[in-house]
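Visitor: Right, I'll just put the structure down here and ask away after.
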Amino acid sequence: MNDEIIVNDSELVEPPVVHADRRPSEWLMTIREAWHMRRTKIGVAIFAFIVALAVVGPWIAPYSPTQFVAPPYASPAPPKMWLGSDYIGHDVLTRVFYGGRTVILLSLAATLIGLGLGVSLGLITGYARRWIDESIMRILDVVLAFPQIVLALLFVSILGPRLWLIVLMVGISHAPRIARVARAATLEVAQRDFVRAAEAFGVPRWKILFNEIMPSITSPLLVEFGLRLTYSIGLIAALSFLGFGMQPPAADWGLMINENRLGIIIQPWPVVVPVLLIGVLTIGTNLIADGLGRALIGIERDTGVG
Amino acid sequence: MPPLLKLILMRIGLGILTLFLVSIVVFAATQALPGDTAQAILGKEAVNKARYEALRQQLGLNRPMVQQYAGWLGGVVRLDFGNSLVQDEPVTKLLARRVENSFVLVAIAALISIPVSLLLGSLTALRRDTKFDISVSIGSLGLASLPEFVIGIVLMLLFATQLFHWLPATSPVSPVLPISQQLELFILPALTLTLAVAPYITRILRASTIEVLESEYVMMARLKGLPERLVLNRHALPNALAPALQVTALNLAWLAGGVVVVEYLFGFPGIGSALVDSVANRDMPMVQAICLLIASVYVLANLTADILTILVSPRLRTGLR
Numbered sequence: 004m005n006d007e008i009i010v011n012d013s014e015l016v017e018p019p020v021v022h023a024d025r026r027p028s029e030w031l032m033t034i035r036e037a038w039h040m041r042r043t044k045i046g047v048a049i050f051a052f053i054v055a056l057a058v059v060g061p062w063i064a065p066y067s068p069t070q071f072v073a074p075p076y077a078s079p080a081p082p083k084m085w086l087g088s089d090y091i092g093h094d095v096l097t098r099v100f101y102g103g104r105t106v107i108l109l110s111l112a113a114t115l116i117g118l119g120l121g122v123s124l125g126l127i128t129g130y131a132r133r134w135i136d137e138s139i140m141r142i143l144d145v146v147l148a149f150p151q152i153v154l155a156l157l158f159v160s161i162l163g164p165r166l167w168l169i170v171l172m173v174g175i176s177h178a179p180r181i182a183r184v185a186r187a188a189t190l191e192v193a194q195r196d197f198v199r200a201a202e203a204f205g206v207p208r209w210k211i212l213f214n215e216i217m218p219s220i221t222s223p224l225l226v227e228f229g230l231r232l233t234y235s236i237g238l239i240a241a242l243s244f245l246g247f248g249m250q251p252p253a254a255d256w257g258l259m260i261n262e263n264r265l266g267i268i269i270q271p272w273p274v275v276v277p278v279l280l281i282g283v284l285t286i287g288t289n290l291i292a293d294g295l296g297r298a299l300i301g302i303e304r305d306t307g308v309g
Numbered sequence: 003m004p005p006l007l008k009l010i011l012m013r014i015g016l017g018i019l020t021l022f023l024v025s026i027v028v029f030a031a032t033q034a035l036p037g038d039t040a041q042a043i044l045g046k047e048a049v050n051k052a053r054y055e056a057l058r059q060q061l062g063l064n065r066p067m068v069q070q071y072a073g074w075l076g077g078v079v080r081l082d083f084g085n086s087l088v089q090d091e092p093v094t095k096l097l098a099r100r101v102e103n104s105f106v107l108v109a110i111a112a113l114i115s116i117p118v119s120l121l122l123g124s125l126t127a128l129r130r131d132t133k134f135d136i137s138v139s140i141g142s143l144g145l146a147s148l149p150e151f152v153i154g155i156v157l158m159l160l161f162a163t164q165l166f167h168w169l170p171a172t173s174p175v176s177p178v179l180p181i182s183q184q185l186e187l188f189i190l191p192a193l194t195l196t197l198a199v200a201p202y203i204t205r206i207l208r209a210s211t212i213e214v215l216e217s218e219y220v221m222m223a224r225l226k227g228l229p230e231r232l233v234l235n236r237h238a239l240p241n242a243l244a245p246a247l248q249v250t251a252l253n254l255a256w257l258a259g260g261v262v263v264v265e266y267l268f269g270f271p272g273i274g275s276a277l278v279d280s281v282a283n284r285d286m287p288m289v290q291a292i293c294l295l296i297a298s299v300y301v302l303a304n305l306t307a308d309i310l311t312i313l314v315s316p317r318l319r320t321g322l323r
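See below:
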């Protein structure tokens, strides 16, 4: 990667051998290792299937998601309405085809926000002076004291059910949890020789943080990404289910469950299908996270690091 | 001061600090509202400037922020959260029975999920890579991925509406009857919470038990030639007790948040469904009271677990951190 930077900065003639114990792109190794496991392959297959469904869905949907095609809660009538109609007479299959995009996109956005915030805070607290570390960790403790959904609801009660707010709050609620992982990894990496060497050569601390430490903690963050994505999907869908996420007439799996749950006895499909798809999707992402986690543990054991 | 006592006192101080900061966040929540409480109470009548000003005066909204916070916190300590904006009654009175309902619900879920996950977590770790371990691990991995509402709806379809009609699909717990007479209304929500939290806890416990079993001091004990029973009882289990306590705290903390979606799903009249309603109505005194309650449960559960951990774990007792 940026192996030259230290040399340029340290004004030394001979490049110090500071990268001797950094393995070539650790995260690639983790992915390769994880891919050998069956659970990872199943997880990736599930995730790919649901994403494909969400991407292609709108093109193969038989109707428009807001078109009234039948009386409310009509039973399935193939080949025109495979899954029947919902509480106001939309075609359920059509809305299932449309409803995955928002769930996946919003969850990805929330996870990336959480990862960005959490990694920054983790790097800083793991490598900063004691009082900075202490004060940031105390603030994160406060965020941690609220269960994730409660934190989101507290802010929805102030600013109203805004989509950006929900994504942001889910991301923020991930941040302290990710920060803990990033901090632990940073603390460990900061002890290694190549960081010590860079410090000895007087490389500025922020440069060490970005050029030396960050590339070395990507593997645990990869695992975190999978795990937090799983929780994001659950949280985003739950917030829509509670009525604070996507708003009618949008087609969204979480919202569909909320809209149609009172008719569950006469017409279960508009609830059952989104519930199953969300469930399968979270199992898929969690299988990927688990595969990556196991790969990471295996690599750490083999190399004696960690 | 003995170092152990110092450690515990520091932990308590930290807990109090966190609770204090949490209360500031929750208080600040209302201050960020567009308009103020007087406006929220009066609604459209707020155009009547005289009434609006009078009510502001009465509610003390003209005082400086710090004074308002102190007044509010003083009320909170005496369990006075003010009146609900929707139903003009004290929040404490409106929440009393709901707190009781949620408490019973969480207690049932905790009483089932804690022993089950402790047992499964330690057994799978001890019988690692056997068929038992693999099947429990796969099952718990699958269940732990699922959001609570997915588990709840599947249970509802299975046991209430579609397959079997054994249990009520909704849980309208009556406020006039005693809880003991309507326990069947608690079964599905409690089962949902149990199935959502137990697998998650089982997985954490399995990992931490394996970590203890593979640790150097357990290896050392084995190398000394101690019988396996003694290795487990003297060296492994005391150190595995700490994770067990942490796990119990995690469990309770998780349940405090898990009730929100599950209560809403089953129409169960507890603090979780009250939070959803109050957020929809922007009934800030109710939202504040419930958020503060849930956050306190979380902080206190963790605090208790940490103190007990300090007391039971040999590594910490001997001053190693």
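Chains A and B, in that order, give the protein sequences. Note that this note's numbering has the first sequence beginning at 4, numbered continuously upward. Note that this note's numbering has the second sequence beginning at 3, numbered continuously upward. Don't be surprised by glycine CBs; every beta carbon is placed ideally from N, CA and C. Computed from a prediction, not measured in an experiment: that's the story for all the values here.
Within the same chain, show all residues whose beta-carbon is closer than 8 Å to that of B:Val314, passing over the 5 residues directly before and after it, in chain order.
Guide: Pro240, Leu243, Ala244, Leu247
Visitor: Are A:Leu242 and A:Ala155 close, meaning C-beta to C-beta below 8 Å?
Guide: Closer than 8 Å, so yes.
Visitor: I want to verify the contact list: residues of chain A whose CB lies under 7 Å from the CB of B:Tyr266, in sequence order.
Guide: Near B:Tyr266 (Cβ distances below 7 Å), the residues of chain A are Leu245.
Visitor: Could you please tell me which residues of the stretch 128-149 of chain B, in chain order, have their CB closer than 8 Å to any CB of chain A?
Guide: Leu143, Gly144, Ala146, Ser147, Leu148, Pro149
Visitor: If you reduce the DSSP assignment to three classes, tell me which class A:Phe71 lands in.
Guide: DSSP, reduced to helix, strand and coil, places A:Phe71 within a strand of the structure shown.
Visitor: For the alpha helix (DSSP H) that contains B:Arg208, what are its first and last residues?
Guide: 186-215
Visitor: Going by DSSP, name the residue or residues bridged to A:Ser88.
Guide: A:Asp94
Visitor: Whose Cβ in chain A lies nearer than 7 Å to the Cβ of B:Leu190?
Guide: Chain A residues near B:Leu190: none, gap ~13 Å exceeds 7 Å.
Visitor: Which of the three DSSP states, helix, strand or coil, is assigned to B:Asn283?
Guide: helix
Visitor: Using the three-state DSSP reduction, which class does B:Pro92 fall into: helix, strand or coil?
Guide: strand
Visitor: Assign B:Asn50 to one of three DSSP states: helix, strand, or coil.
Guide: coil
Visitor: According to the neighbour-count rule (16 or more other Cβ atoms, all chains shown, within 10 Å of its Cβ), is A:Pro207 buried or exposed?
Guide: Result: exposed.
Visitor: Given that B:Gly272 touches chain A, what residues does it touch there, using C-beta distances under 7 Å?
Guide: Result: empty, since nearest Cβ-Cβ is about 14 Å, beyond 7 Å.
Visitor: Determine the burial state of B:Trp256: buried for a count of at least 16 other Cβ atoms within 10 Å of its Cβ, exposed for fewer.
Guide: buried
Visitor: Tell me, to the nearest whole angstrom, how far the beta carbon of A:Ser110 is from that of A:Leu232; I am working on the premise that it is less than 8 Å.
Guide: 6 Å
Visitor: How about A:Arg3: is its C-beta nearer than 8 Å to some C-beta of chain B?
Guide: Because residue 3 of chain A is not part of the residues shown, which for chain A are 4 to 309, the question remains open.
Visitor: Can you find a C-beta in chain B that's less than 8 Å from the C-beta of A:Gly102?
Guide: no
Visitor: For A:Ile63, which residues in the same chain have their Cβ closer than 7 Å to its Cβ, ignoring the five residues on either side in sequence?
Guide: Phe100
Visitor: Where does B:Trp74 land, buried or exposed, given buried means 16+ other C-beta within 10 angstroms?
Guide: buried
Visitor: How about A:Arg141: is its C-beta nearer than 8 Å to some C-beta of chain B?
Guide: With 8 Å as the cut-off, A:Arg141 counts as an interface residue toward chain B.
Visitor: Helix, strand or coil for B:Asn64 per DSSP?
Guide: coil
Visitor: By DSSP's criteria, B:Asn85 is part of a beta bridge. Which residues make up the other side?
Guide: Paired residues: B:Pro92.
Visitor: Is there a C-beta anywhere in chain B that falls below 8 Å from the one on A:Ile291?
Guide: no
Visitor: Under 9 Å Cβ-Cβ, which residues of chain B neighbour A:Thr285?
Guide: Ser147, Leu148, Pro149, Val152
Visitor: With distances taken between CB atoms, is the gap from A:Ala112 to A:Val170 smaller than 8 Å?
Guide: yes
Visitor: Taking 8 Å as the threshold (beta carbon to beta carbon), is A:Asp89 in contact with chain B?
Guide: no
Visitor: Identify every run of the alpha helix (DSSP H) within the stretch 161-202 of chain A, keeping only runs that are complete inside it and at least 4 residues long; order them along the chain.
Guide: 166-192
Visitor: Would you say A:Leu56 faces chain B, with C-beta separation under 8 Å as the test?
Guide: It does not: the Cβ of A:Leu56 has no partner Cβ on chain B nearer than 8 Å.
Visitor: Which residues in chain A have a C-beta closer than 8 Å to the C-beta of B:Ile296? List them in chain order.
Guide: Phe149, Pro150, Val153
Visitor: For the stretch 204-223 of chain B, list every residue whose C-beta sits within 7 Å of some C-beta in chain A, in sequence order.
Guide: none
Visitor: Is A:Met32 near A:Ile216, with beta carbons less than 8 Å apart?
Guide: The Cβ atoms of A:Met32 and A:Ile216 do not sit closer than 8 Å to each other.
Visitor: Looking only at C-alpha atoms, which of B:Ala30, B:Asp131, B:Asp90 sits nearest to B:Ile212?
Guide: Comparing Cα positions, the closest option is B:Asp131.
Visitor: Could you please give the first and the last residue of the uninterrupted alpha helix (DSSP H) stretch that includes B:Tyr266?
Guide: 239-268
Visitor: Assuming A:Ile260 contacts A:Phe244 under a Cβ cut-off of 8 Å, what Cβ separation, rounded to an integer in Å, is found between them?
Guide: Confirmed, Cβ separation roughly 5 Å.
Visitor: For B:Ala325, which residues of its own chain have a beta-carbon under 8 Å away from its beta-carbon, when the five flanking residues on both sides are left out?
Guide: Since the first and last residues shown for chain B are 3 and 323, residue 325 of chain B lies out of range.
Visitor: Measure the Cβ-Cβ separation of B:Leu125 and B:Ile203 and say whether it is below 8 Å.
Guide: No, the pair does not count as a contact, with Cβ atoms beyond the cut-off.
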